[in-house]
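A.B. asks: Just so you know, my numbering puts 228 at position 219 of the sequence shown, and the rest follows in order with no gaps.
Virtual Cβ for every residue (Gly too), placed ideally from N, Cα, C.
If you're wondering where the values come from, they're calculated on a predicted model, not measured in any experiment.
Here it is, the structure in full.
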Amino acid sequence: MSAPTAPTADDPPAVPKNIRWIMLGILLAMLLSMLDGLIVGTAMPTVVADIGGIDHISWVVTAYTLTAACSTPVWGKMGDLFNRKHMFLGSIVVFMIGSVLSGQASSMGELIGFRALQGIGAGGLMAGAFALIGVLLPPRERGKYQGMVAITQAVGSIGGPLLGGVVTGHLGWRWAFYINIPLGLICLVWCGMLLHLPATRRGKVVIDWLGITLMTAMISAVVMAATWAGSTYAWGSWQIMSLAAASVVLLIAFIASQKRAAEPLPPRIFTGHRNFPISAVLLVVAGVAMFGATLYLPLYQQSVQGASASNSGLLLLPMMVGTVAASLVAGKVMTKTGKYKIFPVVGAASLAIGMGLLSTMDTATSRFTTSAYMALVGIGTGFTIQMANTIAQNAVELRDMGAASASTSLFRTLGGSLGVAVFGSLFTRAIQGRPGAPAEASGHTDTSAAEGMTRAAQDAYLHAVAHGTQQIFLIGALCAGVAFVAALFIKEVPLRGKPDSAPQPKAQPARTA
């Protein structure tokens with residue numbers, strides 16, 4: 010019998026015995042990034058009342074999402090080139106510095122600049138978290154811990170608005186940023202002590218500064234166009250068309266630059282296996298669905314169904330429960346059987362059906378009916394997001410795990426940005442085009458917008474809100490239909506790693522000839 014084959018660079022690493030404790034630290038850092046993307050929304054009225062700058066209020070959010078999106082693939086590639094643990098801890102430090110400075114801002118301009126710095130750190134938190142999970146857990150093992158990731162993402166999406174309201178109301182808006190400091194320190198110490206990665210030896214590292222610059226400029230153009238289109242500028246305006254043209258030119262230049270780069274941001278992750286680009290489509294659609302649901306469902310329930318604004322985050326509980334339950338089921342089945350294709354297929358179908366049903370809501374729809382439809386959307390995202398991440402990571406080599414993980418995070422962010430831009434334009438047009446609706450109505454309308462109207466005007470306004478919501482979820486259902494078709498083409502290749510229940514063969518001593 011021949012000697013056992015030595016492990017290669019692409020063999021899955023052994024799962025650490027204290028993996029759940031390690032995961033808690035990593036996921037807490039991920040939660041920080043997600044919370045801070047949403048916590049500011051409920052704090053902004055207080056911020057404006059304190060330091061002014063209402064004309065630039067949208068940039069407080071845009072600066073954060075823009076720099077987070079641009080820095081995500083850079084952090085991921087740096088983790089592949091250098092030490093992933095050090096890059097992850099460094100992103101926590103950058104995020105904390107941005108948080109302290111944001112809390113001390115004395116003008117809207119300062120706050121926007123410091124939020125941009127905070128976003129740079131947030132990009133590293135998301136890219137690093139997914140890359141570390143990909144390195145520490147082989148895809149076959151990941152299902153056991155999928156529920157932890159799903160709960161983190163669900164709490165981050167729903168807890169942001171809730172935490173923002175509580176902290177701002179009791180401690181002031183600056184504590185919406187200061188609260189990150191103790192949590193960040195916990196993450197820093199926790200991961201610094203418990204997180205241990207196998208040492209990697211690399212030769213001389215050459216950083217592709219041209220590729221990074223072109224990619225950053227391209228993502229900036231896309232995110233700015235998605236943010237401004239339909240709100241600040243018309244979709245067909247020269248500003249939006251110029252940004253669209255610039256993004257195409259920059260993409261072509263980036264692809265050309267990678268053919269000559271010594272350390273390219275690897276195109277091979279897209280061309281190596283068809284499962285990766287398919288997963289990208291699923292994540293874009295899931296981003297559209299999640300952002301659309303979390304932004305416009307509370308708006309509909311507050312405006313049309315008379316729900317309290319202070320409990321807006323709790324209105325999303327049916328979706329959160331569906332997301333967590335679906336992720337737990339999918340993870341356990343995947344770990345036990347190694348099968349996974351069925352979940353993104355069923356998830357995309359559930360998304361399409363749930364979003365389609367939400368598009369039928371009107372002024373007479375009950376909260377119970379809305380909750381049932383939301384649960385379907387939650388099941389769809391639960392079957393789709395985590396499974397798409399796992400499929401994407403299983404489709405690339407371990408050396409590209411950082412770049413692949415950063416790319417999946419970027420696709421979900423871009424999907425959300427594009428979805429919010431399109432949804433905001435549709436909603437604004439629906440509101441402004443209905444008699445009795447205020448001319449300045451926008452995606453941030455709440456029940457107070459109908460105060461002071463006549464009964465007929467209020468009815469017209471509520472119908473306008475319902476009509477705008479219908480259009481939003483109809484577009485979401487069509488996008489989910491595209492994801493369903495894409496999911497059918499996933500190839501179910503074996504997952505790296507083996508479940509703990511599978512007995513491992515004992516190595517036999519080599520026999521001499």
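Go through its chain and collect everything with a Cβ distance to residue 125's Cβ below 6 Å, but skip five positions before and after it.
C.D. replies: Working through the sequence shown from its first residue, we reach residue 125 at position 116. Excluding residues within five positions, the ones whose Cβ falls inside 6 Å are 72, 76.
A.B. asks: Could you spell out the range, first to last residue, of the alpha helix (DSSP H) harbouring residue 468?
C.D. replies: Counting from 1 along the sequence shown, the entry for residue 468 is found at position 459. Where residue 468 is concerned, the enclosing alpha helix (DSSP H) stretches over 464-496.
A.B. asks: Return the CA-CA distance between residue 253 and residue 423, expressed in angstroms with no decimal places.
C.D. replies: Translated into the one-based positions of the sequence shown, residue 253 becomes position 244. Translated into the one-based positions of the sequence shown, residue 423 becomes position 414. Taking the straight line joining both Cα atoms gives about 14 Å.
A.B. asks: Assuming residue 404 and residue 281 form a contact by the criterion Cβ under 8 Å, report the distance between their Cβ atoms to the nearest whole angstrom.
C.D. replies: Translated into positions along the sequence shown, residue 404 becomes position 395. Translated into positions along the sequence shown, residue 281 becomes position 272. Indeed they touch by this definition, with Cβ atoms about 7 Å apart.
A.B. asks: Helix, strand or coil: which one does DSSP assign to residue 349?
C.D. replies: As a working mapping, residue 349 is identified with position 340 in the sequence shown. Residue 349 falls in the coil class under three-state DSSP.
A.B. asks: Return yes when the Cβ of residue 88 is within less than 8 Å of the Cβ of residue 187, no when it is not.
C.D. replies: As a working mapping, residue 187 is identified with position 178 in the sequence shown. As a working mapping, residue 88 is identified with position 79 in the sequence shown. Going by C-beta atoms, residue 187 is not nearer than 8 Å to residue 88.
A.B. asks: I'd like to know whether the C-beta atoms of residue 360 and residue 342 end up nearer to each other than 8 Å.
C.D. replies: Your numbering for residue 360 matches position 351 in the sequence shown. Your numbering for residue 342 matches position 333 in the sequence shown. For residue 360 and residue 342, no; Cβs fall outside 8 Å.
A.B. asks: Report the rounded CA-to-CA distance for residue 358 versus residue 375, giving the unit in angstroms.
C.D. replies: The residue you call residue 358 lines up with position 349 of the sequence shown. The residue you call residue 375 lines up with position 366 of the sequence shown. Near 24 Å, if we compare the C-alpha coordinates of residue 375 and residue 358.
A.B. asks: Buried or exposed: where does residue 348 fall if 16 or more other Cβ atoms within 10 Å of its Cβ makes it buried?
C.D. replies: The residue you call residue 348 lines up with position 339 of the sequence shown. Label assigned to residue 348: exposed.
A.B. asks: By Cβ distance below 7 Å, which residues in the same chain neighbour residue 206 in space, the five residues on each side in sequence not counted?
C.D. replies: Position 197 of the sequence shown holds residue 206. Counting only Cβ-Cβ distances below 7 Å, and skipping sequence neighbours, we find 93, 94, 144.
A.B. asks: For residue 242, list the residues DSSP reports as bridge partners.
C.D. replies: By 1-based counting over the sequence shown, the position of residue 242 is 233. Bridge partners of residue 242: 238.
A.B. asks: For the alpha helix (DSSP H) that residue 113 lies in, which residues bound it at each end?
C.D. replies: Taking the sequence shown and counting its residues from 1, the one referred to as residue 113 is at position 104. Neither: residue 113 is in no alpha helix (DSSP H) and is coded neither H nor E.
A.B. asks: Can you tell me whether residue 13 is buried or exposed? The criterion is at least 16 other CB atoms within 10 Å of its CB, across all chains shown.
C.D. replies: The residue given as residue 13 occupies position 4 in the sequence shown. With a pLDDT of only 40 at residue 13, under 50, the local geometry of the prediction cannot be trusted, and the value read off the model is given with reservation. Exposed, by the Cβ-count rule.
A.B. asks: Find the nearest neighbour of residue 29 within the set 200, 60, 339, judged by alpha-carbon distance.
C.D. replies: As a working note, residue 29 is residue 20 in the sequence shown. The shortest Cα separation from residue 29 among 200, 60, 339 belongs to 200.
A.B. asks: Rounded to whole angstroms, what's the CA-CA distance from residue 235 to residue 27? Just pull it up for me.
C.D. replies: Mapped onto the sequence shown, residue 235 falls at position 226. Mapped onto the sequence shown, residue 27 falls at position 18. Taken atom to atom, the span from the alpha-carbon of residue 235 to that of residue 27 is near 42 Å.
A.B. asks: Using only alpha-carbon positions, find the residue among 194, 61, 190, 478 that is nearest to residue 313.
C.D. replies: Translated into positions along the sequence shown, residue 313 becomes position 304. Among 194, 61, 190, 478, the Cα nearest to that of residue 313 belongs to 478.
A.B. asks: Please determine if the region 129-144 and the region 100-118 are in contact, where contact requires at least 3 C-beta pairs separated by less than 8 Å.
C.D. replies: Flag = yes, the region 129-144 and the region 100-118 touch.
A.B. asks: Does the structure place the region 238-253 close enough to the region 288-304 that three or more beta carbon pairs sit under 8 Å?
C.D. replies: no
A.B. asks: Between the alpha carbons of residue 338 and residue 438, how many angstroms are there, rounded?
C.D. replies: Locating residue 338 in the sequence shown gives position 329, where the first residue counts as 1. Locating residue 438 in the sequence shown gives position 429, where the first residue counts as 1. In this structure, the straight-line span from the alpha carbon of residue 338 to that of residue 438 is close to 40 Å.
A.B. asks: Between the alpha carbons of residue 52 and residue 184, how many angstroms are there, rounded?
C.D. replies: For this step, residue 52 is matched to residue 43 along the sequence shown. For this step, residue 184 is matched to residue 175 along the sequence shown. Going from the Cα of residue 52 to the Cα of residue 184 covers about 10 Å.
A.B. asks: Does the separation of the CB atoms of residue 55 and residue 182 fall below 8 Å?
C.D. replies: Against the sequence shown, residue 55 aligns to sequence position 46. Against the sequence shown, residue 182 aligns to sequence position 173. Their beta carbons are under 8 Å apart, which means residue 55 touches residue 182 by this criterion.
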